[in-house]
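Right, one structure below, let's go through it.
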Amino acid sequence: MSSSDGGLRETLGDVTQLGSTPNSPEAADGGRPDSAESGVDGRVSVHEPDTGVDPVEANVLFADRITIRFGGLTAVDNVSFSIPPKSVVSLIGPNGAGKTTFFNVLTGLYEATEGAVYLDGKDITAVKPHKRAAMGLARTFQNIRLFGLMTAEENVMVAMHSHLKAGVMSTIIRTPGQRREEREARETARELLDYVGIGKTVGELARNLSYGDQRRLEIARAMALKPRVLLLDEPTAGMNPQESSNFNDFVYRVRDEKGISVLLIEHDMSVIMKISERITVLDRGAMIAQGTPDDIRNNQQVIEAYLGKTGTREGKRLPKPGAVAAGPSAQPTTTEQEQA
Ligand SMILES: Nc1ncnc2c1ncn2[C@@H]1O[C@H](COP(=O)(O)OP(=O)(O)OP(=O)(O)O)[C@@H](O)[C@H]1O
Ligand SMILES: [Mg+2]
C-alpha cells in the first residue's frame, strides 16, 4: 500500500536498492525533438532522439512542453510527455513533484499556463474535461470519488450516461427503447465489474466497499467511457499486497485485450518497476529522468530526488492518504460531472 504511513519508507527502501550508477538519460520517447533543453539547476533534461517521427502523430497522447504555475509556484515546468499506443507508462516522483497536477492538465481539469495537449493527433488543449473523456481520455482520482449511496453497478451506469441515446422524455416515460438501453447498460456495467474483479459487489453501496474494491470500481467506471487512454492516479493505494500483485496482471489485460494505453501515477515501486514499459520521473515540477525501469533504478538523480544527496533527506512530505472513503452523499462533485 503506497499511502500508508510506512509508504514513504517502503518507497525509499526500494529506491535505496535501486543502485547508484550514474544514469545516461535516455528517452524512450516523449518531448518533441526541439523541446530538448540542456539542464538547469543541475537537473538532467531528457533528450528526445531525433527519429524524424512526429510525436503528435506517433502517440495516442502527447503533451508538448507543459508548464503550469499557481501564483509564484511552478508546479510543472516545461514537461513534454507521450503515451504510445497500447502501452503502460508511469509517472513517479516524490510527494509534491507535480504528478497529479500534470494529470489534471492532461484531462483538462487544469489549464496549462504554457504548452499543448494532443489526443490521437488532435489538439485538445482547449477541449473541456467531459469532452476529453468522451474522446477517450478516462481517469481515476488520487482520492476516490464515487457516489457513495449508489450501488457499484449504478456507479458504472452513471458513467455510461453520456453514451446512452435516450432523451429526457423517454427517460420519464420509459419507452421500450429506453428500457432496452438501460438493460444493456446494466449488462455492460456487470461485465465491467466482473472485468475488474469485483463482480460480486454489483448490488452493494459503493461506500461499503473496501478501499481496494472502491479503487477497482473507479477503474470500471473509467472503462465505461470506452477510453483509448486510462490515467490512473495511485490505483493501488488502499490495496493489500495480494490485490496490488493482481493489479499488475489486470493492467496488462487492459492493454492487451482492450488495446487501451495506461498511464499510472504510483508510489509503490514494486508495482511500477514490474509493469512499466517506460517511467518518467518528476521532481519539483521538472522532469529529471525518463527511461526503462532499469534506467530509472540506476539513475543517481532519481535516488537523490527521493533520498537527498546525503541519502538521508527527510524533507519530503509523507504520502497523503490515497484512499478516502466515498462520502455519504450521492451528489457528484464538479469533477465527477466533468469526468462523466
Ligand atoms: N490547485 C492548486 N493550487 C495551488 N497549488 C497547487 C494546486 N494543485 C497543486 N498545487 C501544488 O503543486 C505542487 C504539486 O502538487 P501535486 O499534487 O501535483 O503533487 P504530486 O506529485 O501529485 O504529489 P503526491 O505524490 O503527494 O500526490 C504542490 O506544491 C502543490 O501544493
Ligand atoms: Mg498526487
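Just so you know, we're using UniProt numbering here: the sequence shown kicks off at 1 and counts up by one. Built from N, CA and C at the ideal position, the CB exists for glycine as well. Bear in mind the structure is a predicted one, so any value in this text is a computation, not a measurement.
- Residue list for ligand 1: Phe70, Ala75, Asn95, Gly96, Ala97, Gly98, Lys99, Thr100, Thr101 (CB closer than 5 Å to any heavy atom, chain order).
- Note that the C-beta distance between Lys86 and Arg255 is below 8 Å.
- Between the alpha carbons of Ala75 and Arg69 lies a gap of roughly 6 Å.
- The beta carbon of Ile92 sits no closer than 7 Å to any heavy atom of ligand 2.
- Here Phe103 is not bridged, per DSSP, to any residue.
- The beta carbon of Ala138 sits closer than 6 Å to the beta carbons of Ala222, Leu225, Pro227, Leu230 from its chain, once the five residues preceding and following it are set aside; these are given in chain order.
- Taken atom to atom, the span from the alpha-carbon of Gly238 to that of Tyr211 is near 5 Å.
- In this structure, Phe141 lies away from Val158, with their beta-carbon atoms at least 8 Å apart.
- Ser270 has no beta-bridge partner at all, per DSSP.
- Here His267 is buried. Its C-beta has 16 or more other C-beta atoms within 10 Å.
- With a cutoff of 8 Å on beta-carbon distance, Ala220 and Val251 are scored as not near each other.
- Ranking Gly177, Ala58, Ile92 by CA distance to the CA of Leu264 puts Ile92 first.
- Note that the C-beta distance between Val302 and Ala289 is below 8 Å.
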